[in-house]
Amino acid sequence: MLFLLLFFFALYAVLTARPSPAAVRDGALLIDLDGIIVEEKSQPDVISTLLSGQVPAGEYDVQDLVHALDAAATDDRIKAVVLDLSRFVGGGQVHIEDVGAALDRVRAAKKPVLAWAVAYTDSGVMLASHASEVWVDPLGGAVVTGPGGNRLYYGELLRNLDVNARIYKVGTYKSAVEPYYLNEMSEPARENYAQLYGALWSEWQANVAKARPKAQVAAITADPVGWLQSAGFDPATAAKKAGLVDQLGDKVAFGERVARIVGGDKWDDSPGAYARTELDPWLADNPLEKAGGAIGVVTIAGNIVDGEAGPGTAGGDRIAQVLDDALDDDLKGLVVRVDSPGGSVMASEAIRRAIMRHKAKGIPVAVSMANVAASGGYWVSTPAQRIFAEPSTITGSIGIFAVVPTFERAAARWGLNADGVKTTPLSGQPDLVSGFTPEVDALLQGYIENGYGDFITRVAQSRKMTRERVDAVGQGRVWDGGTARQIGLVDQHGGLQDALAWVAGQAKLGDGDWHAEYLGEQRGVGDTLLRQLLIGESERSAGASDVFGVLTARRQSVLAQLAGDADRLTRVQGMQAYCLECAGTVQRADEAALSGWVARLIALVA
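Each residue of the sequence shown is one higher than the last, beginning at 180 in our numbering.
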């Protein structure tokens, strides 16, 4: 017992330790993105990770990355920035744009940015396009697929299993329930997402073209086979000919190139070593300044759920408590940073009410939308006096639904019967075995319609629109940030810093008279150290894959989709304001959901 106590005490100490600022050295700032860029890191489950033996995918807070790059641009110790994207999984388009803009500021400070990877996909191509030199391994390459793709539909499968997925919804375009009763996408949903993905794809191409004008994106996406064939199906050579990369070279050659710019590593004589500082010690050496008045920033990231979940998942009770705990703080204003496809209506309302309690104090409140702020993500945005979003932001999806599976057909087929005495039409309801009475169906649909009415009323009051106008742009329809601004759901294009500056202006605070105060959990603790505890550096560096590998690895996303759909169908939950397609645009490692997908399907069949 004593040994176990000492072990877990040591484990806690490792996970909560801060990197030593003494590790900062003159040379390059190395940003090794072996995972995904997120708005808020999820808390690693130490026990589950140790028991499974699986390494959690790395998560990198986008605000940490932007801050690190901006600090590097003005610090004489940093001669260059190096991006190692060989294990980069990706991130939302707005996050990639934010980091890319920070890389541009580094280059504007006359410091080179060099990127290397074995294989680049969409997010990697977009991020690397902001580098002054892009390298690829001779056995690697680059591929651009664009947004969109297929999703799973279970209508016929559930009917074959004699499962009746009872759908209650409001909104012609509210497609989150379609997979449970259709075999293919409805025409309204197809129209909506064709417009949305078209806008995102145009923004992606414009960003890459501006950062890297010589990249022939249109040519390689229009005829990818012809493009590769022209280079003898050598993807690395094809990527160079198309202007996606500048140089072919392995990691040693790339390191030697960096060493010629920043100098060699005095403590490491291995091939390709160069003087460098890694991200964690650099952040530890460059804490956020806290001068002047505090403007609170609360982050709502991930699915909005009831309870205390998070960080990385937006537990309604947790976030409401974080906001309430800050009521006694002398905050000059509040910025709500949203990166969520929505979820529970009750949890969204709990967060909205907590924001309103801050607004009642007379301080300015703004919302900054990241990759997605749809359905419940828009619900929690309604208290804002001003909403900021980027053209690539996904928002809207003003609609509500609920799905309840019943098993009366399966029960009848297997000879399972139910009988009893009822005193009212609602006695014993809802009955998952015998099915719902017409009264229950009508009651539940009315409940959903009333919830939709509440939703559009909140939006109408917030946006100073009529309910009829909100209903016209609502109906579950999803909008890109550019169109959302035109129809009045968004006030202004801009990111988190723009929202903070607006709040500071409303609070009559001048430059240098305020700082951002992030509410709740400390950011950026634990995940990297947990990974280092579980595996060694040599095993970690073996994760890079070529073009074939990164494409076939996408099969994992199908399993994750299957896990999430089964979970939503079988979990007990209330009204949902959730955008199913929007969730696919926010990448997050979710090993727990993936590992449980078989159990969920077994539960569904049983």
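Think of the CB as a built atom: it goes at the ideal place given N, C-alpha and C, for glycine as much as any other residue.
Model, not experiment: these values are computed from the prediction.
Check: Between which two residues does the beta strand (DSSP E) harbouring V544 extend?
Finding: Here residue 544 refers to the residue found at position 365 of the sequence shown. V544 -> beta strand (DSSP E) spans V544 to A553.
Notebook entry, point to check: Taking the DSSP output, what are the residues bridged to W693?
Noted result: Taking the sequence shown and counting its residues from 1, the one referred to as residue 693 is at position 514. Per DSSP, G472.
Note to self: Does the CB of R369 have a neighbour CB from chain D at under 8 Å?
What the structure shows: In the structure shown, chain D does not exist; there is a single protein chain.
Checklist line | alpha helix (DSSP H) segment containing R646, residue limits | finding: Start at 1 with the first residue of the sequence shown, and residue 646 comes out as number 467. Element bounds for R646: R646 to V652.
Check: Unbroken alpha helix (DSSP H) runs of length 4 or more, entirely within the stretch 272-360: which are they?
Finding: Entirely contained in the stretch 272-360, the alpha helix (DSSP H) runs reaching 4 residues are, in chain order, 272-287, 301-307 and 334-339.
Notebook entry, point to check: For G214 versus G237, is the C-beta distance shorter than 8 Å?
Noted result: Numbered from its first residue, the sequence shown carries residue 214 at position 35. Numbered from its first residue, the sequence shown carries residue 237 at position 58. Yes, they are a contact pair.
Checklist line | Residue environment, V600, which counts as buried when at least 16 other CB atoms sit within 10 Å | finding: For the purposes of this step, residue 600 is identified with residue 421 of the sequence shown, where counting begins at 1. Residue burial annotation: V600 is exposed, with fewer than 16 other C-beta atoms found within 10 angstroms of its C-beta.
Check: Since V638 contacts T561 with CB under 8 Å, what's their CB separation in whole angstroms?
Finding: Taking the sequence shown and counting its residues from 1, one reaches residue 638 at position 459. Taking the sequence shown and counting its residues from 1, one reaches residue 561 at position 382. Indeed they touch by this definition, with Cβ atoms about 6 Å apart.
Next item on the list: Assign A563 to one of two classes, buried (16 or more other C-beta atoms within 10 Å of its C-beta) or exposed (fewer than that).
Entry: Taking the sequence shown and counting its residues from 1, the one referred to as residue 563 is at position 384. That one is buried.
Check: When you compare only the Cα positions, how much space is there between I346 and E357?
Finding: The count along the sequence shown starts at 1 and reaches residue 346 at position 167. The count along the sequence shown starts at 1 and reaches residue 357 at position 178. Rounded to whole angstroms, the separation of the alpha carbons of E357 and I346 is 9 Å.
Check: Given R642, which residues of its chain have a CB within under 6 Å of its CB, disregarding the five upstream and five downstream residues?
Finding: Taking the first residue of the sequence shown as position 1, residue 642 is located at position 463. Excluding sequence neighbours, R642 sits near G667.
Notebook entry, point to check: If you follow the beta strand (DSSP E) that R439 is part of, which residue opens it and which one closes it?
Noted result: Along the sequence shown, one-based indexing puts residue 439 at 260. Taken as a continuous stretch (DSSP letters only), R439 belongs to no beta strand (DSSP E), being part of the alpha helix (DSSP H) at K430 to V441.
Notebook entry, point to check: For A288, which of F634, V682, A296 and D255 has the nearest alpha-carbon?
Noted result: On the sequence shown, position 109 is the one that residue 288 refers to. Of the candidates F634, V682, A296 and D255, the one whose C-alpha sits nearest the C-alpha of A288 is D255.
Next item on the list: Can you tell me which of the three DSSP states G556 falls into?
Entry: By one-based count along the sequence shown, residue 556 stands at place 377. G556 falls in the helix class under three-state DSSP.
Item checked: Own chain, CB closer than 7 Å to A553, minus 5 neighbours either side, in chain order -> Reading the sequence shown from its first residue, position 374 is the one you call residue 553. Counting only Cβ-Cβ distances below 7 Å, and skipping sequence neighbours, we find P520, G521, I573, T574, G575, S576, V657, C758 and C761.
Next item on the list: Using the Cα positions of L513 and Q408, report the straight-line distance between them to the nearest angstrom.
Entry: Here residue 513 refers to the residue found at position 334 of the sequence shown. Here residue 408 refers to the residue found at position 229 of the sequence shown. About 54 Å.
Next item on the list: Below 7 Å CB to CB, which residues in the same chain sit around L611 once its five sequence neighbours on both sides are set aside?
Entry: The sequence position of residue 611 within the sequence shown is 432, counting from 1. Within the same chain, L611 has close Cβ partners T585 and F586.
Notebook entry, point to check: How far does the alpha helix (DSSP H) with P520 in it reach, from first residue to last?
Noted result: Position 341 of the sequence shown, counted from the first residue, corresponds to residue 520. That residue, P520, is in no alpha helix (DSSP H); it is neither H nor E in DSSP.
Notebook entry, point to check: What first and last residue would you give for the beta strand (DSSP E) that runs through I566?
Noted result: Position 387 of the sequence shown, counted from the first residue, corresponds to residue 566. Per DSSP, I566 belongs to the beta strand (DSSP E) from R565 to A568.
Item checked: First and last residue of the uninterrupted beta strand (DSSP E) at V268 -> Working through the sequence shown from its first residue, we reach residue 268 at position 89. Unbroken run through V268: none, as it is neither H nor E.
Notebook entry, point to check: Is the Cβ-Cβ distance between V517 and M548 less than 8 Å?
Noted result: Sequence index remark: in the sequence shown, residue 517 carries index 338 (1-based). Sequence index remark: in the sequence shown, residue 548 carries index 369 (1-based). Yes, Cβ-Cβ distance for V517 and M548 is below 8 Å.
Item checked: Burial state of L183, where buried means 16 or more other Cβ atoms lie within 10 Å -> For this step, residue 183 is matched to residue 4 along the sequence shown. It is exposed - the Cβ of L183 has fewer than 16 other Cβ atoms within 10 Å.
Check: Rounded to a whole number of angstroms, what is the C-alpha to C-alpha distance between A493 and T478?
Finding: On the sequence shown, position 314 is the one that residue 493 refers to. On the sequence shown, position 299 is the one that residue 478 refers to. So the two alpha carbons sit approximately 8 Å from each other.
Next item on the list: With a 10 Å radius around its C-beta and 16 neighbouring C-beta atoms as the bar for buried, classify E618 as buried or exposed.
Entry: Within the sequence shown, the letter at position 439 stands for residue 618. That one is exposed.
Notebook entry, point to check: From A202 to L458, what distance separates their C-alpha atoms?
Noted result: As a working mapping, residue 202 is identified with position 23 in the sequence shown. As a working mapping, residue 458 is identified with position 279 in the sequence shown. Going from the Cα of A202 to the Cα of L458 covers about 10 Å.
Note to self: Counting beta carbon pairs with one atom in the stretch 337-355 and one in the stretch 615-629, are three or more of them shorter than 8 Å?
What the structure shows: yes
Item checked: Selected residue, minimal CA-CA separation from H309, among H537, L318, K290 and V322 -> To locate residue 309, count along the sequence shown from 1; it is residue 130. If we check each option's Cα against that of H309, K290 comes out closest.
Checklist line | Residues of its chain near T662, where Cβ-Cβ distance is below 6 Å and the 5 sequence neighbours each way are ignored | finding: For the purposes of this step, residue 662 is identified with residue 483 of the sequence shown, where counting begins at 1. If we look at T662 and ignore the five residues flanking it on each side, it has no Cβ neighbours.
Check: Does the beta-carbon of M535 have 16 or more other beta-carbons within 10 angstroms, so that it is buried, or is it exposed?
Finding: Here residue 535 is taken as the residue at index 356 of the sequence shown, counted from 1. That one is exposed.
Check: Is DSSP giving L780 helix, strand or coil here?
Finding: As a first step, residue 780 must be located in the sequence shown, where it is residue number 601. With a pLDDT of 48 at L780, under the threshold of 50, the predicted position of this residue should be treated as unreliable, though the coordinate-derived value follows. Correct three-state label for L780: helix.
Next item on the list: Hey, could you find the ends of the alpha helix (DSSP H) T662 is sitting in?
Entry: On the sequence shown, residue 662 is found 483 positions in, with the first residue counted as 1. It spans G660 to Q665 - the alpha helix (DSSP H) in which T662 sits, taken as one unbroken run.
Notebook entry, point to check: How is D670 classed by DSSP in three states: helix, strand or coil?
Noted result: If you number the sequence shown from 1, residue 670 lands on position 491. Looking at D670 - three-state DSSP - the assignment turns out to be coil, as it is neither helix nor strand.
Notebook entry, point to check: Sorted by chain position, which residues of the same chain lie with C-beta nearer than 6 Å to D425's C-beta, five sequence neighbours on each side aside?
Noted result: What you label residue 425 is simply residue 246 of the sequence shown in a count that begins at 1. Contacts found: E312 and V313.
Note to self: Given this structure, state the Cα-to-Cα distance separating Q608 from G328, to the nearest angstrom.
What the structure shows: Position 429 of the sequence shown, counted from the first residue, corresponds to residue 608. Position 149 of the sequence shown, counted from the first residue, corresponds to residue 328. Their Cα atoms are separated by approximately 40 Å.
Notebook entry, point to check: Between V349 and G334, what straight-line distance do the alpha-carbon atoms span, to the nearest angstrom?
Noted result: As a working note, residue 349 is residue 170 in the sequence shown. As a working note, residue 334 is residue 155 in the sequence shown. So the alpha carbons of these two residues sit roughly 19 Å apart.
Notebook entry, point to check: What do you reckon, are the CB atoms on G625 and K353 nearer than 8 Å?
Noted result: Position 446 of the sequence shown, counting from 1, holds the residue named residue 625. Position 174 of the sequence shown, counting from 1, holds the residue named residue 353. Cβ atoms of G625 and K353: not closer than 8 Å.
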